[in-house]
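Working notes, beginning with the structure itself.
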Amino acid sequence: MRTSLVLLGLLGAGALPGHSAAEEPAGVLTRAPAVVEPAEPAYPPEAKAQGLTGQVTLELEISEQGQVTAAEVTRPAGHGFDEAALEAAWRLRFSPAEIDGKPSAVRIEYRFSFTLTPTPAPGAAAAPGEAAPPPLNLGGRVLEMGTRLPVVAALVQAGGQSAYTDREGRFRLSVPVGEVKVVVSDAAHASFEALEAVAEGKRTEVTYWLLRTSSANETVVTGKREQREVEQQAISTSEIVRIAGVSGDTVKVVQNLPGVARSPFGIGQLVVRGGNPRDTQVYVDDLPVPAVFHFGGLTSIYSSELIDEVQFEPGNFEATSGRAIGGRVNLVTRDPKDRLHLVGDVNTYQATAMVEGPASENVGMAFAFRRSYADFIIRQELSRSKNAPGISVAPRYYDLQAKVAWRASPDDKVRFDFFGSDDRLAFTHVDTGGLTNLDELKYSNTFYKANLRWDHRVSDDTRTFLALGGGWQEVVGQFGDYYTETDDLWSTTFRATVHHRLSPAVELVAGTDGQWDPRAAVSVSAGSLDVPGQVSSGTGVFVSPNRYRTAISGYEAGAFAEAVLEPAKGLRIVPGVRADAHHSLAALSWADVRLNAGYTLDEATQVRAAVGLYHQAPPLGYLTTEWGNPGLGPEASWQYSVGAKRWFLPQLSLDVDLYYKRLFDLALPTSEVVVRDGQQVPLHFVSAGTGKAYGAEFLLRWDPGGRFFGWIAYSLSRSLRDQSVSGGRLQQEGSAYDQPNNLVALGTFELPELWTGLSSGFRLRYTTGNPYERIQGAVYDADSDAYQPITTGRYNARMPDFLQLDLRVDKKWTHRLWILSVYIEVQNVTARKNVEAPAYNYDYTKRGWVTGIPFFPGFGVRAEY
Amino acid sequence: MTHRPVALLAGLSLLALSAGCASQFEGPEKVKGLRILAVQAEPPEIGAALDGGGASWPAASTQVHTLLGHPAFAADGEVHGLVLHLACTTAPGDVAGSICTQISELSQPSDLIGFVSAATACSDPGLGVSGAISFSGLEACSRAGCGPLTVLLDPADPLSGVTLHAPSYALPADYSLAALPAANTQRVLGADVVDVALAVEASPAEVAPAAAVADPCSALSAVLTSFQDLWPSRAHLAALKWIHVRGPDMPAASPPNHNPEVSGITLAGTPLPAPGGAPVAAQAGRKQDLLPILPGPFDSLRETYQRFDTDGHYLDTRQEDWAFSWFVTAGDVDNAHTQSYDQPNPLKPASGTTVVWLVVRDLRGGMAWTAGELAAP
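For the record, the sequence lines run as chains A and B. Its first residue numbered 16, the first sequence is counted upward by one per residue in this note's numbering. Its first residue numbered 2, the second sequence is counted upward by one per residue in this note's numbering.
Here's what the structure looks like:
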């Protein structure tokens, strides 16, 4: 008879419905709890007599000290197993879990297995009462294949004796001399058997390698923030890497969540709750970044290897973030691991290398580098093409990340991050099919950023966080004579917060964040902006381009304060206020107030509601006199949402959210003219745009931790603007992103029955077709030999609905020291011609479509040490 | 203040992503119906009389010509299209645009005729009105080109023909950019007059007075009315041509623009005769190169000019780059446009007679054209 146990997964990063705030710190799991005192349940006699076996799964709450404070059977086995498991669970003791480097209460899933094994041979074990205890002559370690991590609490049986491995995977047994059969079992790993020759008077040292089984996933932080009063979805990277259709890209996974419309061509725009892409702010570790994707959408600029989780709030984010009227995406990067870890990953588009490990006991380092090799492929392909453009630089990108984390003391953690990205292409003599070709088509976007973070616990009630960063960005673009841009920008970023708990029911948070650009040299040459409602000459840009050159010194800064109040058990109210200032080509300032509330109805149900005012500065181009209006004010929105979350099973939850967003003071193209410096000039924009977005979002999610994970996300939404203007825009905006129905179903199954290490995933996406304006006529521009469409700015038609199925198969070979994985991913397996945009013939009398990716296979190989 | 080059990225992304997966349409080079292929102002740049003078100062008026394409031109010499020209003259310093370029008006462009005073159209045809729309003239187009429109004052009297005003444009006498404040960029960059060409598939007889009229003014009035009436029921289209008004402070080093010159087309080295003559014989289905014929060396024909930005600051000095647009009534040409005078454009002729048009543009408002004809068995 034996019982085995395993820590299956951390269910919440210190989060439990109904828990007090003291037990629910927000943050990132930095150390998982490990069993330090195993407990073996008593085998129920009746079950044993009947030869019954069973497996009991429990949920345990573990205190900051590692004690079990609550235990509940979630998957019973009956026959007395449940009671025995529950009794044993209370005797378990763990090493404390850490969140953001601090001991924290967590909830975990734990499993006891009751199995019957042959009774050890008589005499094999030392008889009680003998004069001297037998020597511990068999010892060693139990490690996990591939990761080389110790297997904690594995049961080792030999010669009628048994022992559990400790937190380092070590065990000691006293076994009879001679050949001994050793059985190592652990619910998370495949059982292991070996024959050992134990010699008289000698200690036999062994190392056993266990293969992790499919039924027990890696410890996964699902990162549910049940304590949050707004909808926030956090996705662990272990989920992301196997999701079909996103090629392991962390940020693109966000596009599969409720509230996010599908962007045209699948590029990286984040169209959140009917807002413009620019309305959603993207951060890396809470600091804004100049670009999220290589080439505007191919893949994100930060290696997934070093991202811990992606936090996504589609709206109503708290006052601790600002200067955005849409949603918030934060890439939370992780600390380097405390063991040597090497990763090499080569796929269809790019190659990644990563190394990390400890530099000393308290210092960890990591470095990752990624480069695309599309340039080699494109160069080869174009060299075979007859009318191909010349290539100066074939499209390519690279990015790199480096980080050093130093745990200076139990209360201090310091981390230095450096990351950068470089995109580049340069073509010559590009045939546009028009009157002129592009002599040069050039684009490069290079930036590097460095951040220093200091996380300090002043006392049990007070924490401070300080981040200082700096960076440089260079943008070079040329689109023939139509558009040239050269930017050289230096910037610094900062963020400082203080958390102080006044009482068990009151926590205060205050801080400041911002960006200072000591020097931003911007040079743009482009055509003038069309006057709204007017047709302009197509040759104007060749004769008199608009030219803008400036060196700006500007800043954006904000200060915020919020209180986390818990006036009653299960009720949390978070009022917040922030004030921001923007100073660049315009001097803007505003104040926002926000209120978020959440109430835990019972262990499985939570409701939430929020209201808030949000502001953001218009993009820089909108504030120039050349293409914009320096007199524009900030754009704003009032956001309202109510929602609920309910767990139906420990791993199955449903989120439902309703939202309404009122947009106002949006930059709206105008044909008005004003007198500036003694002459009439177009005003271009006024802060008069209004609109609304509303909808309902559903997320049915099965969390990782078993053989399946996945979700079904459905968004029902409308995005409407009260004004329609033809032309005069710098970006596509407003109603263009109205996508009423958006359904994403995805999942990944592990299939060990077919092949050990095999898993398969799918993603099915359905969305309503995007709106567009059906062109009713055109006028011939004799100077540019091109027809100019007669447009009204009103979206009067929709493209056909979008439907795409992606599939992915992963296979993992786990060796003792390393893991080899391969995957095949096929996007659009049905080769459906999904419409992405309308296309017209030369005079706009015939309409067709531009379709998206065809049947598109990709593959990758990954080796991990 | 995080900088994201959105416009550039969007352009790049769309260019890359749309490549190879867009619907395929027939190109603009195939003339399958009534088409305006070019509108020329000769000269393309004018100057207000009040703003300058001398030999280098451009005239205050210009003649406007239309190149109309129609597949029937390969078969006969009849008139198949009429073109009515209107012009909008924005007041000096005005940047708000005009009714001629207003999208709401261009959705029903024939309505623009209603803004023209018939009396003024008759008394001062071709004379611009500052801040308003004016009548420029009428053309009748056959394969020989577009020429003056002649209509009968009395349908019963074949000798009562009267030729209506051929399209032209002259700046108002009191028009002056020099009167603008010194900082106004139009003093350097100049302004634009917009010519609207309205073409309708019709013959002169269809717009001529249905009953006898007393004078040419009445005939013009009747033609304008008939033109408007025919518009909805016939093939029609509108074109815009910007006539540049020279700024008084534009340096003399950047002389007024002239139209480019082109004298003919060769097919496999053989000059094509003008349509209506004896067409060159070609082999159907076999690709042969089309090339422009220039009246002289290209470098001596193209002009040097200075560019200024929209603030009126000098940018650079450039030589013109010409672009060549090709049109055929039948057969297939490889390129709708070529960018060099010596870049051949392969044509695969179809059986029958084919009219080929070549339009040369200097990309700053100047243009010229030529036409030829070939026949394949």
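Beta carbons are placed, not taken as given, at the ideal position from N, Cα and C, and that holds for glycine. This structure is a prediction, so every number in the text was calculated from the model and none was measured.
Identity of the residue in A/Val-546, A/Gly-548, A/Gln-549, A/Ile-567 nearest A/Trp-531 by Cα: A/Ile-567
Residue of A/Tyr-637, A/Val-671, A/Arg-691 minimising C-alpha distance to A/Phe-700: A/Tyr-637
For A/Asp-607, tell me which candidate among A/Ala-520, A/Ala-596, A/Thr-615, A/Leu-600 has the shortest Cα-Cα distance. A/Ala-596
Inter-stretch contact (C-beta, 8 Å, three-pair minimum) for the stretch 85 to 105 of chain A and the stretch 61 to 73 of chain A: yes
Can you list, in chain order, the residues of the stretch 191 to 225 of chain B whose Cβ is nearer than 8 Å to any Cβ on chain A? Asp-193, Ala-198
Does DSSP classify A/Glu-687 as helix, strand or coil? coil
Rank B/Leu-51, B/Ala-377, B/Gly-28 by C-alpha distance to the C-alpha of B/Ala-174 and give the top, closest one. B/Leu-51
Once DSSP output is grouped into helix, strand and coil, what is the label at A/His-309? helix
Chain B contact residues for A/Tyr-787, given Cβ-Cβ distances below 8 Å: Those within 8 Å of A/Tyr-787 in chain B number zero; the least Cβ separation is about 14 Å.
With a threshold of 8 Å between beta carbons, is A/Ile-902 in contact with chain B? The structure shown does not extend to residue 902 of chain A, since chain A is modelled only from 16 through 880, so no value can be given for it.
Between A/Val-121, A/Glu-102, A/Ala-100, which lies nearest to A/Ser-110 when the distance is taken from Cα to Cα? A/Val-121
Going along the chain, which residues of its own chain have a beta-carbon closer than 6 Å to the beta-carbon of A/Leu-467, five neighbours each way excluded? Phe-431, Leu-483
Whole angstroms is fine: what's the gap from A/Leu-681's alpha carbon to A/Tyr-752's? 15 Å
Measure from the C-beta of A/Lys-267 to each C-beta in chain B and report whether the shortest distance is under 8 Å. no
Any Cβ of chain A within less than 8 Å of the Cβ of B/Phe-116? no
Is it the case that the Cβ atoms of A/Val-759 and A/Ala-728 are separated by a distance below 8 Å? yes
The ligand GDP and A/Gly-704: does the residue's C-beta get closer than 7 Å to at least one heavy atom of that ligand? As for the ligand GDP, it is missing from this structure, which has no ligand bound.
Taking buried to mean at least 16 other C-beta atoms within 10 Å of its own C-beta, is B/Gln-41 buried or exposed? buried
For the putative contact between B/Val-246 and B/Ala-49, defined by C-beta atoms under 8 Å, what is the C-beta separation to the nearest angstrom? 7 Å
Ordered along the chain, which non-local residues of its own chain (more than five positions away) have a Cβ less than 7 Å from that of A/Pro-755? Leu-731, Ser-732, Arg-733, Thr-783
Residue environment, B/Tyr-315, which counts as buried when at least 16 other CB atoms sit within 10 Å: exposed
At the 8 Å Cβ level, is B/His-237 part of the contact set with chain A, yes or no? no
Closest Cβ-Cβ distance between A/Tyr-795 and chain B: below 8 Å? yes
Verify the CB distance criterion: does A/Lys-861 have a CB-CB separation below 8 Å to chain B? yes
I want to verify the contact list: residues of chain B whose CB lies under 7 Å from the CB of A/Val-550, in sequence order. Thr-102, Ile-104, Leu-107, Leu-241
CB of B/Ser-326 within 8 Å of CB of B/His-338, strictly: yes
Straight-line CA distance for A/Glu-241 to A/Val-50? At A/Glu-241 the pLDDT is 38, less than 50, meaning the model places this residue with poor confidence and gives no usable figure here.
Could you list which residues in chain B have their beta carbon closer than 9 Å to that of A/Gln-791, in chain order? Ser-108
Looking at the structure shown, is A/Gly-863 part of a helix, part of a strand, or coil, going by DSSP? strand
Spell out a yes or no on whether the stretch 575 to 595 of chain A and the stretch 670 to 685 of chain A are touching, meaning 3 or more CB-CB pairs, one atom from each, closer than 8 Å. no
Cα-Cα separation, A/Gly-704 to A/Arg-293: 15 Å
Test item: CB-CB of A/Asp-858 and A/Ser-552 under 8 Å: no
Counting contacts by CB-CB distance shorter than 8 Å, is A/Gln-621 in contact with chain B? no
Tell me which residue opens and which closes the alpha helix (DSSP H) that B/Ser-57 is part of. Unbroken run through B/Ser-57: none, as it is neither H nor E.
Along the beta strand (DSSP E) that carries A/Pro-191, what are the first and last residues, could you check? Premise fails: A/Pro-191 is in no beta strand (DSSP E) and is neither H nor E.
Please confirm whether B/Thr-311 has its beta-carbon closer than 8 Å to some beta-carbon of chain A. yes
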